[in-house]
Amino acid sequence: MKSYIWTCANELETSRLAEELGELLQAGDVLALEGDLGAGKTTFTKGIAKALGVTRTVNSPTFTIMKQYQGKFPLYHFDVYRLENEDEDFGFDEYFEGEGVTVIEWAHLIGSQLPAQRLSISITYLDIEERRFTLTPTGERYEQICVTLSKNVQGAITHDDISN
Ligand code: ADP
Ligand code: MG
Numbered sequence: 013m014k015s016y017i018w019t020c021a022n023e024l025e026t027s028r029l030a031e032e033l034g035e036l037l038q039a040g041d042v043l044a045l046e047g048d049l050g051a052g053k054t055t056f057t058k059g060i061a062k063a064l065g066v067t068r069t070v071n072s073p074t075f076t077i078m079k080q081y082q083g084k085f086p087l088y089h090f091d092v093y094r095l096e097n098e099d100e101d102f103g104f105d106e107y108f109e110g111e112g113v114t115v116i117e118w119a120h121l122i123g124s125q126l127p128a129q130r131l132s133i134s135i136t137y138l139d140i141e142e143r144r145f146t147l148t149p150t151g152e153r154y155e156q157i158c159v160t161l162s163k164n165v166q167g168a169i170t171h172d173d174i175s176n
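For the sequence shown, this note's numbering gives the first residue as 13, with consecutive numbering after it.
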């Protein structure tokens, strides 16, 4: 499995990466975000939203599981941290196959319900303002998004994990 890795020195660079990714997204795309509390999942989602033309303020949906925003198409912003168990069915498929882009914070918590084809984004805290973003695509479409993104946003390094 191949990964595309960016190191963002500050929040502005994170926003830029997210916005450039957002520009490449279409209805039906699913982004699975991982990272500890404060890593930058919601910050990254704000950048996606901006690129989709969402004008409302995006904030963490922790207490509602999902918030929907309207841009050039809908953004379904999930935070599944508080779901009781990973099999709890929130009707995810209708969103994943729906008219909008889906972003899921803490995606591994609904691991069994995630679509096979998705863009996994793991955020690692490196320093107060520095974060590492590891994008791992499954499926041709997300692979192509990563290739294009690595041309549009400088600094990408790629990593091949031969164990997968
Ligand atoms: P999460 O949703 O993963 O819990 P948030 O996006 O809510 O994280 O919070 C990330 C925090 O880290 C914000 O306060 C943000 O300002 C700060 N931050 C500092 N540097 C960065 C960076 N490079 N990228 C993203 N967030 C950053
Ligand atoms: Mg969050």
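Ideal Cβ positions, reconstructed from N, Cα and C, are used throughout, including at glycine.
Inset, instruction - Using three-state DSSP, classify Ile174 as helix, strand or coil. - result: coil
Legend entry - Which of helix, strand or coil DSSP assigns to Phe145: strand
Inset, instruction - Could you give the DSSP three-state label for Tyr88: helix, strand or coil? - result: Assigned with DSSP and collapsed to three states, Tyr88 falls in strand.
Inset, instruction - Identify, in the order they occur along the chain, each residue of the same chain with its Cβ nearer than 7 Å to the Cβ of Leu36, setting aside the five sequence neighbours on each side. - result: Answer for Leu36: Ile157, Thr160, Leu161, listed in chain order.
Inset, instruction - Leaving out five residues on either side along the sequence, give the residues of the same chain with a beta carbon under 6 Å from the beta carbon of Lys79. - result: Pro73, His89
Inset, instruction - Verify the contact flag: Glu142, CB atom, against every heavy atom of the ligand ADP, threshold strictly below 8 Å. - result: Checking the Cβ of Glu142 against the ligand ADP gives yes.
Legend entry - Helix, strand or coil at Val165 [DSSP, three-state]: coil
Inset, instruction - Please determine, among Gly34, Ile169, Trp18, the residue with the shortest C-alpha to C-alpha distance to Val115. - result: Gly34 is the residue among Gly34, Ile169, Trp18 whose C-alpha sits nearest the C-alpha of Val115.
Legend entry - Endpoints, the beta strand (DSSP E) within which Arg130 is located: Arg130 -> beta strand (DSSP E) spans 130-137.
Inset, instruction - Please confirm whether any heavy atom of the ligand MG lies closer than 8 Å to the CB of Asp91. - result: yes
Inset, instruction - Kindly identify the DSSP beta-bridge partner or partners of Glu100. - result: According to DSSP, Glu100 bridges with nothing at all.
Legend entry - Environment of Leu147 [buried if 16+ CB atoms lie within 10 Å]: buried
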